[in-house]
Each structure stands twice: as structure tokens, then as C-alpha cells.
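For the sequence shown, our numbering begins at 333 and goes up steadily by one.
Report on the structure given below.
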Amino acid sequence: MKEGDDKMKKRMMKIGYMMTLAAVLCTSGTTGAIGIKSVCAAENEVQGRAATTNGVLNLNNGSASITIKGNDGQSLKGKRFLVYQLFQAENAKGMESINYTFNPEYKKFVCYIVGQRIHKDERNVTEYEVIDYIQSLNTHQTEGAQTAQEKEGAYSEYRVFVEELRTHLQRNGKAGQSVEVTSTKADNSFEIKGLPYGYYIIDEVTEVKGTNSAASLCMVSTANPEMNLNIKSDYPVVTKKIREDDEQDKVGNQGWNDLADFEIGQTVPYRYESNMPDVNGYNTYYYAWHDVMSEALTFQKDSVAIRIYENSNASNYYKLKEDEFEVKEAPGGGDTFQVIVSDMKKIIDREFNRKNEAGENKYGQKIVLTYQATLNEKAAKNTGRPGFENDVRLEFSNDPDTAVGGSTGYTPWDTVVCFTYKINALKSNNHGQSLENAKFRLYSDAELKNEVYVKQGEGGYIVINRDSLGGNDHTGGKQLENAVEMKSGQDGTFVIYGLDSGTYYLKETQAPAGYRLLTEPIVLNIKASFPADRNAYVKGDGKTENGLKKLETSAQIKEFINGNWKESEVSLTTNEGEGSANLTVINTVGKKLPVTGSSAAVICITTGSVLVLAGAMRRNRKNAKEKQ
């Protein structure tokens, strides 16, 4: 009997795909009975999501545990599972025999599914007929598979059975214990511990449309109560990142995250990261990104590049040629653009050929798509919150029996956001009187060599980023013909739209008539704060503190008054919703020279008159003598 048990265990432990039927065997009937009751109670009473702590979830119902590890390119964080106990399994004292007992909560549903397959009335199906049927699926293949499939294959008969059973349970209101992976261990795994011994279905709950969510089949005995499983999803995932250009060391990951801010006209870098699932069984594999971006972003079609890396950590990659993918702009359906690879499997099989004797390749490659957009002038109307979002989802083949253009599924949308800001400036004197026709220029350096050009826009001045001029941000490039000098209006105001976080230098180039020019530039420091976790952005968060958390702006002013230099630094009033800071530029009223009422002035005038008269008399005498 022991030899037979060992063979059964080896067969069952080979299973490692997306739908988990985990069996854990108990040593005594008493313990097992208590375990079943406990799990049933948990399923009936706990409908909320239990969370993991440091990669571990303890259900406190037994001594067994199951550890699930994510495969390369598939993080477990954020995934959710439903745990069902189908059977209690009890070993004889001498371990020579095993007895299986139905969990009454699920008995009729299990018997119904198996009864249909073995052509027997569900009321007469026994525990061992169910167990024997499950074990018979070890070698049964689904008709139509393109290559030889192992039992855990996405379209094996085993998977079809388990998913059918899962679906039947859910349709009848059997939800199971909910487990959400809020954290993982260092090796991208999480552990469900405190389980009573028995058979379990562990079902991955996915938001991916048109996919079969499943996990793995395994056998756990009392001699081996800690089972390790490898999750191997049969669908890809996609994450989108935007690259922040400020304080990249602080942001981490070379600036790639979910939130960033930019100047209007600046180039905005984007990146998709996805994975290649196990596509053995497919003849071709459709792979397409759908992108929806704010109208304040302008897509740069020629910037699209796709690289396939052997794995998540590999440095070697293959870059797709232009004829291996297609970019469609305004394709309809609300998409801004689509990037389509009609057969990703063909490319990977050619460039990363790791086929075994059965002709199955090794997949899990990391696929990286990069492109650029430009933050355009429409951003001036919506500075600050909610920002400018950009969404992506992945469309992919989900039926191995269809070719290109056949059945496809979709991942959930993934969203990133960017922001820009404005300065509301007022020119006035130190008595609060608004001043017209003061002129200004904006610079990015203290030496005033790199001007931040602006152009006239509706209601103010819009930044022309240096990326639009052929140089790098704030450096290089040349002045455009439409670049203008900023000027305060009749009410003394002027607005600068499209500023980034960082330091700017506002230089007054012409003071209003009758006022002294500010000789030193005003130093503007703009600092935007974002959440500590910059990789947890959810669509719509841009309206809240989960997007732009805080905006802080200060002005350093240095001016020469009454023969002395006066320096000050003031915090400006800001508004995160508008992404604005209010700046008042003051020209101090100068003292007039005295004109009347001064005895000194009278003396000077009189003395001057006398000197002029005396001179005239001397010239007259000289002329008279010459005539004589």
C-alpha cells in the first residue's frame, strides 16, 4: 500500500498550473472532523477578504500549509484566491489506508459534476469514485491541442474539469474563504497556513476578461504537511509606468513609477511591461496593447519600440523590427492607439528556442514596450488635479483552437498620471497699486543663460519646453518665432502655464514707467509631493491626495532699496486642485527730488542768474572797445 501511495503522490505533485486542488491528509478522525467544521464556519461567517502579513496568512484551523510561488514575471501581490475544502482525508493508524470523507457543504455539487462525466446518478456517486476519476485525468488530453500537453496544461481535461466544478460551486452561491495577497515573501511567494487536513480547491479570482482562472493540483500528506505550489498563469499581465525626470534616485527604478510632472511641450516617456505566458498548445498567439490617453498628451508614433528579454533579470534582448508589429492611431473603440503583434509566439519560438523533447518551449519572457508622448497646450486648461491619465490594457489569444483574429481576452486597465502647474503673478507697488507693462523673462539657471521660452496663450503665457526646440530639457535648442516676453496686463496680472517641479528664475526686463528695475531675478522653487508608494496609483486617484498630495512654492527676492540690499524668502499661497501658486512682484515707490519750498534751491537759481548776467556785461565791454 505504501508503494502505491508514493506513486500517487508523485503523480499528483506534478500538477502546477492555475487552479489548485490541494489535498492534505489528517492522522485522526477526531482532528479531521473538527477541521472540516472549522473551515465550513469560516466560509459561512467570513465573506470579507483575509489579508497576508509579510507573505503569510494564518487561518488558525489546523497544522497544514500551502505555499504558492509566483513564476517569473508574475507577481502575486494583489492577487486574490478563494479556498474551498472539498474532502477530509484520514490516514489509518499504520498509514496503510486512507479514507476520504465529503465536506457536506460541497458534496452534492462535486457528485453532480463527476456523475455527469462517469454517467451515474449523482445521488449514487461515492467518495472513491470522485477520487478515482480525478486521478484518471493524469493522462487524458483535450482534443484539439496543437502540441502534447501535460496534465496541468491550460486546456487539459483536468483543467476543464476543475474549472467546471469551480464554476458550478460559484453559481450555487458557494463563495469559499477569500484570501488577498497584500504582501509576499522575498521570493515572490505567500503561505496559507493553519489549514486542517483535506482536499482543497484554491481558485484564483481574476479580473482578466475572457480567461480561465486556475491554479494547481497537489497532494499533501501528514508526512509532508507543507506543500509548495508554483502558480503559472495562462494569461499575460501588463503594467504601465511613466518616467519622472526629477529626483530619480529618490523615486527609484530610474524614475519609472505611476506619477510624474512635466512642463508643457516636454517629452513624456512611457513603458509597458508584460510577460509571455505558457503558450504551448497554441499555433499562433495574438498580442496587442490598447492605449487611451488624455487629450493633453500627443502620441509620438515613431517612438514605439518593443524588446523581448529572456527573463525578468536578463540583459540580452531581441528588438522587434518595424515589420513585426503594427501601430494603429485612432483605431476606434475609444483607443488613442494600438500596437499589435499578430503572432508573438512565432517571434519568441524563433529567438528564444528552449524546446524540450516533447516540442514544448519554455516561456515567461519579459516583453517591454516603450514610447513617448508630448504634454501639449491643452494641459494649460487643467493644471494640478486631477492630472492627465494614460491607460493601457493587453489583448491576447485565449483559445488554442483559433488563429489570429480568433477568440481573445483582455487584462484589466492599468493607469498612470502626470501633472503640470502654473504661477498666478501680480505686478504692483508697495502700496498695493497694480502696475501695467512690466516685462519679464523666465530662466532655468541662475546665470540666466537658458531661457524657458513662452508663447502667448488664452489667458496667459504657455511654456515652450526645450524638447520642442531640438535640445534637452531647459538646455540647448533655439528661440522660436512665436516666443514672446511676458508683460503685466492692465490689472497688473500675468499667468505662466505649464511648469514642472524644480527651480525657475523670473527676471524683470522692463519696469513700469517711473519705477526702478528689479536688478536681481526672483528665484521660484516649486515642489510637488506624491504618496510614499508611487506604484499604487488607481484610476481617478489624481483627484485626491493619492495623486498630487501637496504643492509647495517659495520665492526668494533680492532688491536694492535706499542704498541697501534687502533679501527675503516667502512661501506662496498654493492650490493643489488648480496646481497654482500666487506670486506678487513688488516695485518700491521711489522718493521724488524736492522742487519747491527749499532755500537752497532758491540760492542756486539766484546765483546762477547772477553769473550769467556778469558774463554778458563783460562781453558787451569787449565789443565796445573793438569798435573804437
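Where a beta carbon is used, it is the ideal one built from N, C-alpha and C, also for glycine.
Beta-bridge pairing by DSSP links C750 to A592 and F720. Sequence-distant partners of I796 (beyond 5 residues in either direction) whose C-beta falls short of 7 Å from its own C-beta, in its chain, are G597, Y785, V786, K787, L812 and A815. Within the stretch 568-648, complete alpha helix (DSSP H) segments of at least 4 residues are found at 580-583, given in chain order.
Residue pairing by DSSP places A757 opposite F826 and L915 in a beta bridge. Here I450 has V457, E461 and Y465 as same chain residues with Cβ atoms under 8 Å from its own Cβ, once five neighbours each way along the sequence are excluded. The residues A887, in chain order, have a CB closer than 6 Å to that of V902 in the same chain once the five nearest residues on each side in sequence are set aside. Closest in C-alpha terms to A628, from the list T715, L591 and Y490, comes T715.
Nearest C-alpha to A770 among D823, I889 and E523: D823. The alpha-carbon separation between R575 and T905 amounts to approximately 28 Å. The C-beta distance from V724 to Y604 rounds to 6 Å, short enough to fall under 8 Å.
In this model, S760 and G846 are separated by some 13 Å (Cα to Cα).
Sixteen is the threshold: since fewer than 16 other Cβ atoms of the shown chains lie within 10 Å of the Cβ of R686, the residue is exposed. One thing to note: I828 has its Cβ no nearer than 8 Å to the Cβ of A711.
Non-local beta-carbon contacts of K898 in its own chain, meaning distances under 6 Å to residues more than five positions away in sequence, involve E891 in chain order. Using a Cβ distance threshold of 8 Å, I794 and L856 do not count as a contacting pair. If you look at G447, you'll find it in the alpha helix (DSSP H) that goes K439 to I450. Looking from the CA of Y617, the closest CA among D623, G666, I672 and Y641 belongs to I672. Shown here, R725 sits in a strand according to DSSP, grouped into three states.
Under the three-state reduction of DSSP, A662 is assigned to strand. At the C-beta level, M608 and G691 stay beyond 8 Å of one another.
Annotation for Y490: the continuous alpha helix (DSSP H) segment containing it runs E489 to R503. For P601, the CB contacts under 6 Å within the same chain, skipping 5 residues up- and downstream, are R575 and Q704 in chain order. Between L883 and A860, the beta carbon gap of about 6 Å places them in contact (Cβ cut-off 8 Å). Assigned with DSSP and collapsed to three states, E709 falls in helix. The Cβ atoms of S739 and D746 lie no closer than 8 Å to each other. In the DSSP assignment, I796 falls outside any alpha helix (DSSP H), carrying neither H nor E.
Shown here, E539 sits in coil according to DSSP, grouped into three states, outside any helix or strand. Runs of the beta strand (DSSP E) lying entirely within the stretch 848-919 and spanning at least 3 residues, in chain order: 854-861, 882-893, 896-903, 905-907 and 912-919.
In the three-state reduction of the DSSP assignment, R686 falls in the coil class, being assigned neither a helical nor a strand state. Taking the C-beta atoms as reference points, S820 is found no nearer than 8 Å to E783. In the three-state reduction of the DSSP assignment, K694 falls in the coil class, being assigned neither a helical nor a strand state.
Spatial neighbours of P844 in its own chain (CB-CB distance under 6 Å, excluding positions within 5 residues in sequence) are listed in chain order as L767, N769 and A770. Here the alpha carbons of N648 and F684 stand approximately 11 Å from one another. For K678, the secondary structure class from DSSP, reduced to helix, strand or coil, is helix. In this structure, DSSP gives Y460 a helical state, which the three-state scheme calls helix. Taking a C-beta distance under 8 Å as the contact criterion, D590 and N867 qualify as a contact pair.
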